[in-house]
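What follows is a single structure, written as C-alpha cells, with notes after it.
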Amino acid sequence: MLRRYKDVVIGYKEESYPPIPTKFTLWLRRNVLVQLFRFIVINIKVMRIVIGGHH
Amino acid sequence: MAKVVVLGAGISGHTAAIYLRHYLSRKHQVVVINPTRLSQFPPSNIWVAIGKMKSKHVIFDLEKIYRKNKIEFVQGRALSIHPEGDGSEDRPFVMVELTGEDKQGEKINVDYDYLINATGPRLAFELTEGLGPDKYTYSVCTYEHAEQTWKALQEAFEKMKNGQKQKFVIGLGHGSATCQGAAFEYALNVAYEIRRRGLQDKAEILWLSNEYELGDFGMGGAFVRRAGYITSTKVVTEGILAEYGIRWIKRAGVYKVDERKIYFEKLDGSMGEVEYDFAMLIPAFKGAGLKAYDKNGNDITSKLFNAGGFMKVDADYSGKPYEEWKASDWPKYYFNPDYNNIFAVGIAFAPPHPISKPMKSPSGRVISPAPPRTGMPSSVIGKTVASNVAKSIKKGKLVLEHTASMAEMGAACVVSAGYGFFTGAAATLTVFPIVQDYEKYPEWGRNLSYTLGEVGLAGHWFKYMFHHLFMYIVNTRLLWWALPL
Numbered sequence: 015m016l017r018r019y020k021d022v023v024i025g026y027k028e029e030s031y032p033p034i035p036t037k038f039t040l041w042l043r044r045n046v047l048v049q050l051f052r053f054i055v056i057n058i059k060v061m062r063i064v065i066g067g068h069h
Numbered sequence: 005m006a007k008v009v010v011l012g013a014g015i016s017g018h019t020a021a022i023y024l025r026h027y028l029s030r031k032h033q034v035v036v037i038n039p040t041r042l043s044q045f046p047p048s049n050i051w052v053a054i055g056k057m058k059s060k061h062v063i064f065d066l067e068k069i070y071r072k073n074k075i076e077f078v079q080g081r082a083l084s085i086h087p088e089g090d091g092s093e094d095r096p097f098v099m100v101e102l103t104g105e106d107k108q109g110e111k112i113n114v115d116y117d118y119l120i121n122a123t124g125p126r127l128a129f130e131l132t133e134g135l136g137p138d139k140y141t142y143s144v145c146t147y148e149h150a151e152q153t154w155k156a157l158q159e160a161f162e163k164m165k166n167g168q169k170q171k172f173v174i175g176l177g178h179g180s181a182t183c184q185g186a187a188f189e190y191a192l193n194v195a196y197e198i199r200r201r202g203l204q205d206k207a208e209i210l211w212l213s214n215e216y217e218l219g220d221f222g223m224g225g226a227f228v229r230r231a232g233y234i235t236s237t238k239v240v241t242e243g244i245l246a247e248y249g250i251r252w253i254k255r256a257g258v259y260k261v262d263e264r265k266i267y268f269e270k271l272d273g274s275m276g277e278v279e280y281d282f283a284m285l286i287p288a289f290k291g292a293g294l295k296a297y298d299k300n301g302n303d304i305t306s307k308l309f310n311a312g313g314f315m316k317v318d319a320d321y322s323g324k325p326y327e328e329w330k331a332s333d334w335p336k337y338y339f340n341p342d343y344n345n346i347f348a349v350g351i352a353f354a355p356p357h358p359i360s361k362p363m364k365s366p367s368g369r370v371i372s373p374a375p376p377r378t379g380m381p382s383s384v385i386g387k388t389v390a391s392n393v394a395k396s397i398k399k400g401k402l403v404l405e406h407t408a409s410m411a412e413m414g415a416a417c418v419v420s421a422g423y424g425f426f427t428g429a430a431a432t433l434t435v436f437p438i439v440q441d442y443e444k445y446p447e448w449g450r451n452l453s454y455t456l457g458e459v460g461l462a463g464h465w466f467k468y469m470f471h472h473l474f475m476y477i478v479n480t481r482l483l484w485w486a487l488p489l
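Listed in order, the protein sequences are those of chains A and B.
Take 15 as the starting number for the first sequence in our numbering and just add one per residue.
Take 5 as the starting number for the second sequence in our numbering and just add one per residue.
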C-alpha cells in the first residue's frame, strides 16, 4: 500500500504534502477486533443520522 | 379513493412507492411510471465496474416487486405534466410515452390526485465534447455503463500485463459535475485492483476534479475529529490518494475530450490537457426535461422547473449571494408552491443553490460542484414525502407533518476499495447535517460528534452490509418496513 509514497511525496508541487499513516495506524485499520469496535461505532453514528434526519 | 403517481423508480421514487403502498390501504391506487422494467442501486455500480459484482446483484425487477405489492406499473417515459388537466380532462394528468416492447411509442394520459416526481438526473454527457460511453470516456452512472467500463478496464489490464504502460484518468467530466464520491471510490478501486495484480509499475492514475480543494465532495468539505485535531476532509482525502499512489489535478473544468487527451480549464484561467488511455469521468446532471402545460395548453414549464430542468419546491430560489446562504433556504417538504399536490424527490428537486461556494474562471466557466442529492438523502426524502402524501390522503387535505431538509439530515459516504472480508479498506465519511448550518453550529457548520472520517475495514463491512440491507428493502422482503431508512 505504501510503496508509491516516494513517487507521490515530492516537494514543491500541489500534491506534495499529504499525511501518511504510520505502521501502527495501518495495523489498526486491519485489526479485526479494533475494526469490529469501529464497525459498531459507525453503525451507531449512521443510525443516529438516519433517525435524526427526518422528523 | 385517491391515486398517487410516482414518476421514476430510482432510489427515491421506488422508496416513495413502496412506503406509500405500506402506509395506504388497498382502496387507494399507487402507480409508478418508469422507462425500464429494471431499476438499480447505483452505489454498487462501482463493484460492477471493477468486476466484483454482476449487474444482476445491483438491479431489481420493478414489475415483480410491484405485482407482489399491488402497485400499478406503467413502463413508459413521462413527457409532460398537466396539473390543471386540459380542455377535455378536468383532472390533472401526466402524458406518458410507453416504452414497453409491445406498446412502444404509444402515448397515454395517467391522471393523479398526488404526483411525486422522482425522475432523477439526465446524464448530460453532451455538455462536454467527446464525453461519455458512446464517445471516448467511460461512466459508472448506470449498471450498463459499469459493465462497459469493466470490459474496458480488463483490456487495460491486459495491455499492462503485456508490458504496455497505461494512464488512467478518473474524476469529473464537467466544471459543475457532482457525485465526486462515486468517482473517487472508482479511482481507489482501480488503484487497488492494479496493485493486486502487481501491475503498479505499468500504471499512472490521475484524479481530475472540479473541487476547489480535494474532499469538498460538493458539500463544501467537512471537518472531522482526527488524532487530536479537527481536520479538514482535504487532508484526509489527499492522504488517501497518496496512499493509493494517485496524483491529482483540482479546480479543473473539463470541456473537451478527444481520443488521446482530456482538455480542461483551471479556475485561475489557465488551460490544461492530459493524455489518457482509460478515462472514467462523471458527467454533469440535468433534469429529465419534462414539460408542463396549464388548462389552456400554455407552456408553464418555467413555473414548475428551473433552467436545469429540476422541479421547484418549497425552497428559497431568490438567488442570494453565497455569504447570505442559510440552512433554511433548503426545502423541508418538497412540494411545488404553485401546485401543492406535486412533489419532487431525490435528484429531481431543484436545490436553492449549491452547497460548495460557486466559483467561475475568468472566462466565466463554472468550476465548482453542484450539490449532491444521491444515495441516503434520496431515500430519506422519498420516505418522508410518501408519509406526508399518505397522511394528506387519509385526512382529505394537505398535511405536512414530516420534514426531511438536507440542512437537518446527515449522510454517510463510504468509499470502499477491495472486496474481501479481510482485504481492502474503506474511507467512511459521515456528516451531519449535509448542508452546513452556521446558525446552529457556528464553529464548523456541522455537529462534529456525528461527523467522522476514518479509514479501515469497518467502513468496508458497513458498505457491504448497506448494499444487502438496501436490496432487502427495495425487494420488499419479510418485514422490510421495520428496517431503518
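Glycine residues also receive a C-beta, built at the ideal position from the N, C-alpha and C atoms.
In the three-state reduction of the DSSP assignment, B:I54 falls in the coil class, being assigned neither a helical nor a strand state.
B:T434 is positioned such that its CB atom lies no closer than 7 Å to that of B:A462. Only residues of its own chain outside the window of five on either side were considered, and among them P137 and H149 have a CB closer than 6 Å to the CB of B:S143, listed in chain order.
Judged by DSSP secondary structure, B:Q184 falls within the alpha helix (DSSP H) whose first and last residues are Q184 to R200.
In the three-state DSSP reduction, B:E76 falls in the strand class (E or B). In chain order, P32, P33, I34 and P35 make up the part of chain A whose C-beta sits under 9 Å from the C-beta of B:G243.
Look at the stretch 403-428 of chain B and you find these whole runs of beta strand (DSSP E), each 3 residues long or longer: 415-421. DSSP, reduced to helix, strand and coil, places B:D333 within a helical segment of the structure shown. Between the C-alpha atoms of B:R251 and B:S332 there is a straight-line separation of about 38 Å. DSSP places B:S92 outside any beta strand (DSSP E), giving it a letter other than H or E.
Judged by beta-carbon spacing, B:K254 lies within the 7 Å limit of B:L218, meaning their Cβ atoms are closer than that value. Look at B:P47: its C-beta is not under 7 Å from any C-beta on chain A. B:V35 and B:D90 have their C-alpha atoms some 21 Å from each other. Three or more pairs of CB atoms, one per stretch, sit closer than 8 Å, so the stretch 286-300 of chain B contacts the stretch 176-190 of chain B. For B:Y476, the three-state secondary structure derived from DSSP is helix. The alpha-carbon separation between B:A231 and B:F188 amounts to approximately 23 Å. Here the C-alpha atom of B:G14 lies approximately 42 Å from the C-alpha atom of A:K37. Residues of chain B whose Cβ lies closer than 7 Å to the Cβ of A:I56 are, in chain order, T432, A462, G463 and F466. Closest in C-alpha terms to B:T432, from the list B:V459, B:P355, B:Y454 and B:F309, comes B:V459. Taking 7 Å as the CB threshold, B:G414 lines the interface with chain A.
In the DSSP assignment, B:E279 forms a beta bridge with B:K265. For B:N392, the secondary structure class from DSSP, reduced to helix, strand or coil, is helix.
The stretch 207-267 of chain B is shown to contain whole alpha helix (DSSP H) runs of 4 or more residues at 237-247, in chain order.
For B:E133, the pairing in a beta bridge is given by DSSP as B:K260. Per DSSP, the continuous alpha helix (DSSP H) segment holding B:E148 begins and ends at Y147 to K165. The alpha-carbon separation between B:T237 and A:L40 amounts to approximately 19 Å. If you compare the alpha carbons of B:E162, B:Q33, B:E133 and B:K336 with that of B:F268, the shortest gap goes to B:E133. Spanning the alpha carbons of B:G323 and A:V48 requires a straight line of approximately 47 Å.
The beta carbons of B:A374 and B:G222 sit about 6 Å from each other, so the pair counts as a contact at 8 Å. Non-local beta-carbon contacts of B:G422 in its own chain, meaning distances under 6 Å to residues more than five positions away in sequence, involve Y196 and G428 in chain order. Following the DSSP letters along the chain, one finds A:F38 inside the alpha helix (DSSP H) bounded by residues K37 to R44. Shortest Cα-Cα distance from B:D303 to any of B:L192, B:S84, B:T378 and B:Y190 involves B:S84. Taking 7 Å as the threshold, the shortest C-beta distance from A:F53 to chain B falls below it.
The beta carbons of B:G457 and B:S16 sit no closer together than 7 Å. Bounds of any beta strand (DSSP E) do not take in B:S16; it lies within the alpha helix (DSSP H) bounded by I15 to Y27.
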